[in-house]
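Peer 1: The numbering of the sequence shown is numbering that gives the first Met the number 0, which starts it at 0 and goes up by one.
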Amino acid sequence: MKAVNPTPEQLKQVLADTPKDQPVVMLNLLRFRDKANYDNEPGERSGREAYQLYMREAAACVSAVGAEVIWSGRSVGSLIAPPDESWDQVLLVRYPSIDAFMAMIESPEYKGVVKHRTAALSDSRLVANLEA
């Protein structure tokens, strides 16, 4: 099943299940559209270009909550995965807490830039992880 943005139920569950006093690393698995799909906005950006714009504009939102991108790279293939599952990019973002992540995604500034992420992606996964 393709997914681009979390549902309110998913957010509520992860918020309830994640300790508030621990850093969280978000694993982002990203598959780009060939052409970005903006609602009500014409555009000639590729999905990858729209995601790069999202990353530039969202950088201030990420740093404002004390988070940082700790790794980003191009995926070259899966060794253990369903045959039809492939990703274009993998991203790890470390947040000081799940509350910091929630503060970011609920901020007006972030809500203004997330449209580029939505337009860029044909599928994604966002997995919250606790450091061991």
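We put the CB at the ideal spot given by N, CA and C, even for glycine.
Bear in mind that the values here come from a model prediction, so they are computed numbers and not experimental data.
Could you check how far apart the C-beta atoms of Y109 and A58 are, in whole angstroms? I think they sit under 8 Å.
Peer 2: Incorrect: roughly 11 Å between the Cβ atoms, too far for contact.
Peer 1: Using CA atoms only, rank isn't needed, just tell me which of R55, P18 and I79 is closest to Y94.
Peer 2: P18
Peer 1: Could you give the distance in angstroms between the alpha-carbon of R32 and the alpha-carbon of G46?
Peer 2: 5 Å
Peer 1: The alpha helix (DSSP H) with E108 in it runs from where to where?
Peer 2: For E108, the uninterrupted alpha helix (DSSP H) segment begins and ends at P107 to A119.
Peer 1: Can you check DSSP and say which residues form a bridge with N128?
Peer 2: V24
Peer 1: Return yes when the Cβ of D122 is within less than 7 Å of the Cβ of R139, no when it is not.
Peer 2: No statement about residue 139 is possible, as the shown extent of the chain runs from 0 to 131 and does not include it.
Peer 1: Given that a residue counts as buried once 16 or more other Cβ atoms are within 10 Å of its Cβ, and exposed if not, what is V139?
Peer 2: Because the chain spans 0 through 131 in this model, residue 139 falls outside it and cannot be assessed.
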